[in-house]
Structure formats: structure tokens, C-alpha cells
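Per the numbering used here, the very first residue in the sequence shown carries number 14; after that it's consecutive.
Heads up: the structure comes next, in C-alpha cells.
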Amino acid sequence: MFIIAVVLANLVWAIPLLMAESLLGSRSRRGTIGAFREFMGRKFAWMGGFMAVVTVGILFYYTVICGWSIRYFVYAVSGKFSSGVGKTQTQNLWDNFVGNPAQTITFHVIAACLVGFVVLRGLKGGLEKVLNVTVPMLFAVLVLLAIRAMTLSGAGDGLRYLFVPDWSRMLDGEMWLGAFVQMAFSTGAGWGLYLTYSVYMRKKEDFALNSGIVVAGNHLASLLAGIAVICTVFAVQSPHFAEEAVSAGDQGLMFVYLAALFGQIPGGTWFFGPLFFLVLVLAGLSSLIAMMELAVRNVIDLGLNRKKAVVAIVLVTLAGGIPSALDLDVLSNQDNVWGVGLLISGLFAAIAMMRFGLERARQTLDLASDFRVGAWWKALIALFPLMFAVVFGWFMYLSVTDPSQTWYDPFQTFSIGTMVLQWTALFVVMLLLNNLFSRRLSRAAHTAHGDAPADGGGTAVPTHQGEEG
């Protein structure tokens, strides 16, 4: 049922939203704050600030997770996942690692500094080269791991768990909210990442086709990863405990169970294990690079040069990620708060399209697309407020009426109270900073003449000329 919900969320939310983000970035030639100021007016720059901070909130803890991948790559090349190593050993390895603050913080710092180095070189010199290597490698490794996992004893139970719909969950609001959040995470919809990429693209880029490719590619990768992990979990656990482990969504699921799989694969110890974690590191770094570029792009728009902007964002990331590096409950809380926050960011992008004019936006996208952008796009964007209200409102209703939940407690990891408290604090801060954002954007627009791409043809890429501010 969850896969069906994710597919539906991709169709009705992710694809139209990515197209909207592409228009915001390509037309404004600014990051999220500047784009919302241009499309919504001076009083609404705070919306772009909200979107940026939500993504930076994810950047903080995602850097920690990427640090885990780096550590496990080191484990793999040192032979930790040799033949005979099973789930018990990999579970102990995981527990010892995440229980050691010195290690988790160290690898968090390594990940943040690596990302900062690439972002300092700009999109063309950094991210493009990383993606050209990581994406094909990631798909190749995922295909091999998925095939091997499906041949394990008990894998059939995992495939049934993954693909046979449980229609009793059709009215489960938490499941639908989780599906929309998973959609946002896997596609990047609502992050502002595609908006930021579009700043550097040609104005007549085929954003409709690109949005479809992004959604399809990410969904396929998620599906392959799900097959590899879930089949392995069901192969090494009884069906009852396997379902509990998968349903819990433990952050260490991949590091515990896939690590145990490598000892059962010919060449897993010396080839597939190191290769998988290397690709996982590179894929994680590429996501982090995009997030950090979003933050840096906004800081540049506000008048700072790229070098200073990168240093500032790296330092903020180092500090902001430490709580998640120290405590998995904090990481889970931030994952929940800002993951759902992506839906609010997506709602803001839809509102910007409405303010701009849905028909005008559709025509602009259609002119640059090989595939016709029809009235379906306008209809879906117009339905964003209703979709958000239904999905989140449904989840809130079920939580509030569940006597076993203290939904109002802001100090619980997964409560509505903690989400609302942190979102409200962010709303207030962004509203207070709105006039400052607008003034800085106006001042920077008068003086900048290098880093902002020109409106003309060709693929604009960030340069370092004119960023000394």
C-alpha cells in the first residue's frame, strides 16, 4: 500500500512541484529567498527563507548520516564484513559506532568539509563531475544487490511485504503522510534544490521532461534499495521480527542488514561491500552538495562572496549537526520535523505559482517543453492547498483522537507538538527577517555583476568574478 501511495504522491505532487520550482529559479535567477521576493513581492521573501532553512535543517543531520557512510566505507575496505559475519556482529558494530560521540562527530566533520570543498568550486566544477560518476555506479550496484537479495532464503516474504498491498491501511493518515514525505525526500520536491539548479540552466530547458526523469529515476533507485534491504531483513530474521524491524524504520537498517549481506555474496568482502559504501558516500555527498549550494546561493544573493558564504555555511553545518551526531533521538526528531516541513515548502511554491498566474506559468513552461504542459498542471497546482490540508489534517485528526498519544507534547520525538513548535519558531524568525532580506537583495542586485547568471541563452554556471563583497 505504501508503494502505491508514494507513486500517487509522485504524480500529483512531485512532478508538478518540480516544474514550479524550475520556473521559480530559471525566471528569477536567484535562490529561494530572491525567487519568492520576485514572484510574490517584497513582503513574501520570508517564504523563500522558510524553504531554505527547512533544507538546511535537513543538511545538518544528513551530514551526520553521510559521515556514517564514510565510516562504513572504511570498515568495508578494512575487511569488517568478511565471510561468516552475520547480523549479530554487524548490529554490535553499529551500536558501538553510534554510541561513540568522538567517531560520529569526527565523520560528520569530514563529510561537511568535503562538501564545502566541492561547493567552493561551484556547480559546474564540483557537483556535475560528482554526479556523472555516482549516478551510474549507484544504479549498477543497487541492481546487483537487489538481484542477490532476492535469491536469499526468505526473500519471498520480503517481496510480499513490499509489493502486496495491505488495503486495511488505505485510511491510515500516518501512512499517507509518510508516503508524501518519502516522495519529497526521494525526488527533492519542495527542497528548493531544483529551483537552485534552474538558476544555472538555460531558460528554455525542458523542465517538464526533466521533472519526469528526476521522479522516475529516484523512484527506481528507492525501489531497488528497498528490495535489497527488505529482502535481506526477511532472510536473516523471522517474518514477525522482520516486519517489526522494517516498520520501525531504524536509521541503522541499511548499515546492519546490508552489511551482513556482503559476507554471503561472492566477492562481497573485497568488492561489493567497499563499492557499495563508496557509492553510498558519493551519492550522499552529491545530495549534500545540492543542499549546501542552495544555502550558499541564498547567502551570495544577500551580498556575500562565494568563498565567505561557503565558509559560513560549513561552520553553521558543523555546529548544527552536532546534536544529531550525539543523539539518535534528536536526529529522528529533526528528520520528522523538517521532512514534513518540505510539504509546507512545496505549498509555498504552489502559492507563488498562483500569485504569478497559473495560466501564465503553464504557458511559460509549455514554450520550453517538448511535451505539452496542459491544464492538468494548473489543476494539480491549484489543488496543493487541499492536498496538504487533507494529508496533514487527516494525520493530525488521527493523532489527536488517539488516546495513546500525547500529541501536544513538544518534547516528544514524533509528536505534532514538536513539529508545530519548531515550525512556528521558524515562521516568526523569517517574518522578522523579511525586511532585511528584501533590503539586502535590492542592494546586492545593484552591485552584483558576476555570480548571478545572465538571462540570456546558454547554460549559465556560477563564476567567482564579482563575488568579492
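Glycine included, C-beta positions come from ideal geometry on N, C-alpha and C.
Since this is a predicted model, take the numbers as computed values, not measurements.
Inset, instruction - Have a look at R40, W204, A192 and N113 and flag the residue whose alpha-carbon is nearest the alpha-carbon of A303. - result: The residue given as residue 303 occupies position 290 in the sequence shown. For A303, the closest alpha carbon among the candidates R40, W204, A192 and N113 is that of W204.
Legend entry - Start-to-end residues for the alpha helix (DSSP H) that takes in V386: As a working note, residue 386 is residue 373 in the sequence shown. Counting along the chain, V386 falls outside any alpha helix (DSSP H), and DSSP gives it neither H nor E.
Legend entry - CB contact flag (V98, G276, <8 Å): As a position in the sequence shown, residue 98 is number 85, starting the count at 1. As a position in the sequence shown, residue 276 is number 263, starting the count at 1. Yes, Cβ-Cβ distance for V98 and G276 is below 8 Å.
Inset, instruction - Note down the Cα distance separating L393 from M183, rounded to an integer number of angstroms. - result: For the purposes of this step, residue 393 is taken as residue 380 along the sequence shown, with counting starting at 1. For the purposes of this step, residue 183 is taken as residue 170 along the sequence shown, with counting starting at 1. So the two alpha carbons sit approximately 22 Å from each other.
Legend entry - Straight-line Cα distance separating V122 from Q116: Counted from its first residue, the sequence shown places residue 116 at position 103. Counted from its first residue, the sequence shown places residue 122 at position 109. In a straight line, the C-alpha of Q116 is about 10 Å away from that of V122.
Legend entry - Counted within 10 angstroms of its Cβ, other Cβ atoms place D464 as buried (16 or more) or exposed: Residue numbering aside, residue 464 sits at position 451 when the sequence shown is read from its first letter. Its pLDDT being 48, under 50, D464 is placed unreliably in this model, and the coordinates cannot settle the point.
Legend entry - Short Cβ contact (8 Å threshold) for A125 with V327: Walking along the sequence shown from the start, residue 125 turns up at place 112. Walking along the sequence shown from the start, residue 327 turns up at place 314. Their beta carbons are under 8 Å apart, which means A125 touches V327 by this criterion.
Inset, instruction - Could you tell me how far apart the beta carbons of S41 and A48 are, in whole angstroms, since I believe they sit closer than 8 Å? - result: Locating residue 41 in the sequence shown gives position 28, counting from the first residue. Locating residue 48 in the sequence shown gives position 35, counting from the first residue. Contact annotation, S41 with A48: C-beta distance approximately 4 Å; criterion of less than 8 Å satisfied.
Inset, instruction - Counting only the same chain and skipping the five closest in sequence on each side, list residues whose C-beta sits under 7 Å from that of V156. - result: Locating residue 156 in the sequence shown gives position 143, counting from the first residue. Closer than 7 Å at Cβ, skipping near neighbours: L237.
Legend entry - Length of the line joining the Cα atoms of V324 and F73: Taking the sequence shown and counting its residues from 1, one reaches residue 324 at position 311. Taking the sequence shown and counting its residues from 1, one reaches residue 73 at position 60. Answer to the nearest angstrom: the Cα atoms are 15 Å apart.
Legend entry - C-alpha gap between K391 and M64, whole angstroms: Start at 1 with the first residue of the sequence shown, and residue 391 comes out as number 378. Start at 1 with the first residue of the sequence shown, and residue 64 comes out as number 51. Roughly 22 Å between the two C-alpha positions.
Inset, instruction - Please name the residue, chosen from L446, V343 and R453, that lies closest to F427 on a Cα-to-Cα basis. - result: Reading the sequence shown from its first residue, position 414 is the one you call residue 427. Residue V343 is the option with its Cα nearest to F427.
Inset, instruction - Under 8 Å Cβ to Cβ from Y207, same chain only, skipping five residues before and after it: list those, please. - result: Locating residue 207 in the sequence shown gives position 194, counting from the first residue. Hits under 8 Å: L31, E34, S35, G38, G201, S224 and V227.
Legend entry - The alpha helix (DSSP H) enclosing K100, as first and last residue numbers: Working through the sequence shown from its first residue, we reach residue 100 at position 87. Start and end: K100 to V111.
Legend entry - E372 burial status per 10 Å Cβ neighbour count (16 or more: buried): One-based indexing of the sequence shown puts residue 372 at position 359. Classification of E372: exposed, given that the 10 Å Cβ count is below 16.
Inset, instruction - Can you give me the Cβ contacts of S358 inside the same chain, cut-off strictly under 6 Å, excluding the 5 residues immediately before and after it? - result: Taking the sequence shown and counting its residues from 1, one reaches residue 358 at position 345. Excluding positions up to five away in sequence, the list reads M64, V67 and G203.
Inset, instruction - For F285, count neighbouring C-beta atoms within 10 Å of its own C-beta (all shown protein chains included) and say buried if the count is 16 or more, exposed if not. - result: Residue numbering aside, residue 285 sits at position 272 when the sequence shown is read from its first letter. Counting other Cβ atoms within 10 Å of its Cβ, F285 reaches 16 or more and is therefore classed as buried.
Inset, instruction - Check whether the Cβ atoms of V249 and M267 sit closer than 8 Å, and answer yes or no. - result: Here residue 249 refers to the residue found at position 236 of the sequence shown. Here residue 267 refers to the residue found at position 254 of the sequence shown. No; because the gap between Cβ atoms is not below 8 Å, this pair is not in contact.
Legend entry - Close Cβ partners of L172 (< 6 Å) along its chain, the five nearest in sequence each way excluded: Taking the sequence shown and counting its residues from 1, the one referred to as residue 172 is at position 159. Counting only Cβ-Cβ distances below 6 Å, and skipping sequence neighbours, we find nothing.
Legend entry - Range of the contiguous alpha helix (DSSP H) that encloses I313: For the purposes of this step, residue 313 is identified with residue 300 of the sequence shown, where counting begins at 1. From DSSP, the alpha helix (DSSP H) with I313 extends over G286 to D314.
Inset, instruction - Closer than 8 Å by C-beta to M196: which residues in its own chain qualify, once you throw out the five before and the five after it? Chain order, please. - result: Within the sequence shown, the letter at position 183 stands for residue 196. Once the five neighbours on either side are set aside, the close Cβ partners of M196 are V19, A22, N23, W26, A27 and A202.
Legend entry - Runs of alpha helix (DSSP H) lying entirely within the stretch 198 to 236, each at least 4 residues, in chain order: 206 to 212
Inset, instruction - Compare the C-alpha of A486 against each of L360, V246 and L341 and name the closest. - result: Outside the displayed span of the chain (14 to 482) sits residue 486, for which this structure offers no information.
Legend entry - Among L439, G280 and S235, nearest to F15 - alpha-carbon criterion: What you label residue 15 is simply residue 2 of the sequence shown in a count that begins at 1. Checked all of L439, G280 and S235; the closest Cα to F15 is S235.
Inset, instruction - Please check the pair L133 and T209, which I expect to be a contact at CB under 8 Å, by giving their CB distance rounded to whole angstroms. - result: For the purposes of this step, residue 133 is taken as the residue at position 120 of the sequence shown. For the purposes of this step, residue 209 is taken as the residue at position 196 of the sequence shown. Going by Cβ atoms, the distance from L133 to T209 rounds to 16 Å, so no, they are not a contact pair.
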